[in-house]
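**Student:**
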Amino acid sequence: MESIWMIKNFKGDLGPLSRKTKISPSFLKVLFNRGIKDENEIKKFFNGTAKDLYEPYMLMDMEKAVKTIKEAIEEKKRIAIYGDYDADGVSSTVILYKGLRRCGADVIYYVPNREEEGYGMSKIGIDRLKKLGANVIITCDNGISAMEEIDYAREMGIPVVLTDHHQPSFVEKEDKTTEEILPAACAVVAPHRRQCTYPFKYLCGAAISYKFIQALFRLFNINNDETIKLLQYAAVGTICDVVDLQDENRIIVKEGLRIINSSPDVGIRALIKQLNLADKEIKCYNIGFNIGPCINATGRLETADIAIELFLSEDEKYCEELAGKLVELNKQRQEMTDYNVTKIMEELSERENVPKVLVLYNGEVHESIAGIVAGRIKDRYNLPTLVITDGKEMPKGSGRSIEKYNMFEELQNCKGLLHKFGGHPMAAGLSIKKENIEELSKCLNQNCTLTDEDIKPVIHMDDKLPLDYMSPGFQRYVEQLEPYGKGNSKPLFGVKNAKVLGGNVYGKNKNVLKLNCEYEQMNIQIISYEDMMIKFKEMLIKESIDFDIMLRGGIQNLFMDFVIYTDINEYMGRKSVQLKCKDLRFSN
Numbered sequence: 001m002e003s004i005w006m007i008k009n010f011k012g013d014l015g016p017l018s019r020k021t022k023i024s025p026s027f028l029k030v031l032f033n034r035g036i037k038d039e040n041e042i043k044k045f046f047n048g049t050a051k052d053l054y055e056p057y058m059l060m061d062m063e064k065a066v067k068t069i070k071e072a073i074e075e076k077k078r079i080a081i082y083g084d085y086d087a088d089g090v091s092s093t094v095i096l097y098k099g100l101r102r103c104g105a106d107v108i109y110y111v112p113n114r115e116e117e118g119y120g121m122s123k124i125g126i127d128r129l130k131k132l133g134a135n136v137i138i139t140c141d142n143g144i145s146a147m148e149e150i151d152y153a154r155e156m157g158i159p160v161v162l163t164d165h166h167q168p169s170f171v172e173k174e175d176k177t178t179e180e181i182l183p184a185a186c187a188v189v190a191p192h193r194r195q196c197t198y199p200f201k202y203l204c205g206a207a208i209s210y211k212f213i214q215a216l217f218r219l220f221n222i223n224n225d226e227t228i229k230l231l232q233y234a235a236v237g238t239i240c241d242v243v244d245l246q247d248e249n250r251i252i253v254k255e256g257l258r259i260i261n262s263s264p265d266v267g268i269r270a271l272i273k274q275l276n277l278a279d280k281e282i283k284c285y286n287i288g289f290n291i292g293p294c295i296n297a298t299g300r301l302e303t304a305d306i307a308i309e310l311f312l313s314e315d316e317k318y319c320e321e322l323a324g325k326l327v328e329l330n331k332q333r334q335e336m337t338d339y340n341v342t343k344i345m346e347e348l349s350e351r352e353n354v355p356k357v358l359v360l361y362n363g364e365v366h367e368s369i370a371g372i373v374a375g376r377i378k379d380r381y382n383l384p385t386l387v388i389t390d391g392k393e394m395p396k397g398s399g400r401s402i403e404k405y406n407m408f409e410e411l412q413n414c415k416g417l418l419h420k421f422g423g424h425p426m427a428a429g430l431s432i433k434k435e436n437i438e439e440l441s442k443c444l445n446q447n448c449t450l451t452d453e454d455i456k457p458v459i460h461m462d463d464k465l466p467l468d469y470m471s472p473g474f475q476r477y478v479e480q481l482e483p484y485g486k487g488n489s490k491p492l493f494g495v496k497n498a499k500v501l502g503g504n505v506y507g508k509n510k511n512v513l514k515l516n517c518e519y520e521q522m523n524i525q526i527i528s529y530e531d532m533m534i535k536f537k538e539m540l541i542k543e544s545i546d547f548d549i550m551l552r553g554g555i556q557n558l559f560m561d562f563v564i565y566t567d568i569n570e571y572m573g574r575k576s577v578q579l580k581c582k583d584l585r586f587s588n
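Under UniProt numbering, the residues of the sequence shown are numbered 1 to 588, in order.
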């Protein structure tokens, strides 16, 4: 599917701000595209530290929450953390456990078994905590939709402090307005509450756990440096839960990565070593694509307790054993995922008509990887995708969505067909009776308003390639934009009507293409990796253009448009700027 290319169109005079900040107008455009529009925001973006994080008590009910837990600690009550089995849930649990122990709490943690209980609180889990002597429960990364379960805990004499980053449930009233529904917890710390005035809504579960411990440490007069040490886990949760890396999240990740690269806890260090990353700088990519999947694999294939114990232990040998187990489980998960994605793709390719919302039932998919499989299929078709498989009591599913489709709201509109569901605009989880699966597909597709344009992938470019892209100043600022992630992607630039002069293929597997081009009276080189190289070859074949002749410069008047990003190449101590291809097409 061809992508839609869009350049963000900024109109205005950036000269005064450029003179004041000493930043070139071309790079100020990049910042403006990320919502950073004045001198103070620019300073915070580049120089923000843990001191610039918002006051935790700005979160609604935070004062009630920490007072409840402080009283429980002082009264020697047993506090149970009710966590979740994904990387954000694990990170949240670890932050709360370490923080509560530091305050002298009698604390235990509980993470539901994915297959037996599914996501979130359950009566089974509450019963188990009751038997373990829990007097108070604090949730993390879950609970906002657990109305019945929290009522049940109260009936059992266990008050609940709720911390969660997910969207609250709502009901539609007769006048078509919606009313928020919250569980009857003694405190509900959730930035998405309608009445919560916290200035940044898009925290993950681990970040909210961090905020809670930050507030609690103040009540116990514990030095803030000890709180900051926990940012390494908040960063892992933030990156792995794919929340926007803007505002406060950017600071959490920057500071967390700084700690991970300088003085990580024993468990994180052991996992980095097992992944053969010990001699490298750990960046967002490594957390999201190396470390995070290993954490997630424990909750998917065994129990998240393995990952939690890894991060709680200070025994180096034990941590190395646990880290090795995480890496091995992730290899198994990768093999299972590849097999299921291939099988479902084959089935989809045989369909005459593919609906706008994919509801795919396959009982062979391990329920723990349904979300990953859904994500891979969503990426292939650029359609909202739900993958449903057989659960212990009834089918369970996970969904991944696209920018123009709010999956949580759309499931809310079909909730009569669902046993249980939760999530946010881009992802959701559910349980459903088997006989309702086909009806769910009909309901979602009948309500779907996506157009053909909506489902085309969109590439947003910051600007056309600036002529000063080679300057040290421009590249220094590009590097300082890190950490990259959702909401703060690597800058993309457009190159229009570049004349292809020739090129060469290199790399161990001959899968890297370097094109020599003339653009705006400059000679530039654009590097394409295997996927773009294959696409380019296919384009040339359709136009009866010989690839090898093109490489030798034998094709006249071959003009191309490119979407590119800049990167720094370091060789023998020397740094140079490289242009790398994100997408390409023939001009006009």
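Each residue gets a CB set at the ideal place from its N, CA and C atoms; glycine is no exception.
Which runs of the alpha helix (DSSP H) spanning at least 4 residues fall entirely within the UniProt domain "DHHA1" (356-447), listed in chain order?
**Tutor:** Runs of the alpha helix (DSSP H) lying entirely within the UniProt domain "DHHA1" (356-447), each at least 4 residues long, are 370-381, 407-412, 437-447 in chain order.
**Student:** Would you report the Cα separation of L501 and Q578, rounded to the nearest angstrom?
**Tutor:** 18 Å
**Student:** Can you find the residues in the same chain that come closer than 8 Å, C-beta to C-beta, to I4, ignoring five residues on each side of it along the sequence?
**Tutor:** Contacts found: E453, K456, P457, V458, I459.
**Student:** Quick one: Cα of M532 to Cα of I564, how far?
**Tutor:** 11 Å
**Student:** Rounded to whole angstroms, what's the CA-CA distance from I545 to V30? Just pull it up for me.
**Tutor:** 37 Å
**Student:** Rounding to the nearest angstrom, what Cα-Cα distance links M336 and K8 in this structure?
**Tutor:** 40 Å
**Student:** Based on the DSSP output, what are the partners of G503 in its beta bridges?
**Tutor:** L515
**Student:** Could you say which of T178, C186, I108, Y477 lies nearest to I150 if we only look at CA atoms?
**Tutor:** Looking at the Cα atoms, C186 is the closest of the given residues.
**Student:** For the beta strand (DSSP E) containing V563, name the first residue and the last one.
**Tutor:** 559-571
**Student:** Relative to the C-alpha of V327, which candidate in E346, Y361, A270, G363 has its C-alpha closest?
**Tutor:** A270
**Student:** Check whether the segment 430-449 touches the segment 356-364, taking contact to mean three or more Cβ pairs, one atom from each stretch, closer than 8 Å.
**Tutor:** Segments in contact, yes.
**Student:** Would D88 and G288 qualify as a contact pair, given that the criterion is a beta-carbon distance under 8 Å?
**Tutor:** no
**Student:** Nearest-angstrom Cα distance between N504 and Y571?
**Tutor:** Straight-line measurement puts the Cα of Y571 at about 19 Å from the Cα of N504.
**Student:** Taking I526 as part of the beta strand (DSSP E), name the residues at either end of that continuous run.
**Tutor:** Its beta strand (DSSP E) spans residues 522-528.
**Student:** Report the option in N353, V373, E352 whose CA atom is closest to the CA atom of Y361.
**Tutor:** If you compare the alpha carbons of N353, V373, E352 with that of Y361, the shortest gap goes to V373.
**Student:** Which ranges does the beta strand (DSSP E) cover as unbroken runs of at least 3 residues, wholly within the segment 56-109, from first to last along the chain?
**Tutor:** 78-82
**Student:** Is G125 helix, strand or coil when you go by DSSP?
**Tutor:** Helix at G125.
**Student:** Which word fits D225, buried or exposed, when buried means at least 16 other C-beta atoms lie within 10 angstroms of its C-beta?
**Tutor:** It is exposed - the Cβ of D225 has fewer than 16 other Cβ atoms within 10 Å.
**Student:** Taking the continuous beta strand (DSSP E) assigned at C581, which residues delimit it?
**Tutor:** Run containing C581: 574-586, per the beta strand (DSSP E) assignment.
**Student:** Where does V354 sit, in a helix, a strand or coil, going by DSSP?
**Tutor:** coil
**Student:** Could you say which of C414, G422, T389 lies nearest to K434 if we only look at CA atoms?
**Tutor:** T389
**Student:** Taking contact to mean at least 3 C-beta pairs separated by less than 8 Å, is the segment 117-133 in contact with the segment 241-260?
**Tutor:** no
**Student:** What's the gap between the Cα of R102 and the Cα of F212?
**Tutor:** 13 Å
**Student:** What's the C-alpha gap between I222 and D247?
**Tutor:** 26 Å
**Student:** For V194, which option in D338, A206, S169, G554 has the closest C-alpha, if you only look at C-alpha atoms?
**Tutor:** A small fix is needed here, since residue 194 is Arg in this sequence, not Val. Checking every option, the nearest Cα to that of R194 belongs to S169.
**Student:** Taking Cβ positions, are G371 and R333 nearer each other than 8 Å?
**Tutor:** no
**Student:** Give the DSSP-derived three-state secondary structure of I555 in the structure shown.
**Tutor:** coil
**Student:** According to DSSP, is M461 helix, strand or coil?
**Tutor:** In the structure shown, M461 sits in a strand (DSSP, three-state: E or B).
**Student:** Can you give the beta carbon distance from Q232 to I208, rounded, assuming they're within the 8 Å contact cut?
**Tutor:** Contact flag wrong, Cβ pair sits at about 16 Å.
**Student:** Quick check on N9: does DSSP put it in helix, strand or coil?
**Tutor:** coil
**Student:** Under 8 Å Cβ to Cβ from R250, same chain only, skipping five residues before and after it: list those, please.
**Tutor:** F45, G48, P483, N488
**Student:** In chain order, what residues of the same chain have a beta carbon less than 8 Å from the beta carbon of N382, not counting five sequence neighbours either side?
**Tutor:** M1, I402, I455, K456, P457
**Student:** Report all residues from its chain with a CB closer than 6 Å to the CB of L558; omit the five preceding and five following residues, and keep chain order.
**Tutor:** These residues qualify, in order along the chain: V500.
**Student:** Measuring straight from C-alpha to C-alpha, what distance separates M426 and L386?
**Tutor:** 11 Å
**Student:** From this set, E115, G267, G143, L17, which residue's C-alpha is nearest V365's C-alpha?
**Tutor:** It is E115 whose Cα lies nearest to the Cα of V365.
**Student:** Whole angstroms are fine: how far does the CA of G554 sit from the CA of G299?
**Tutor:** 56 Å
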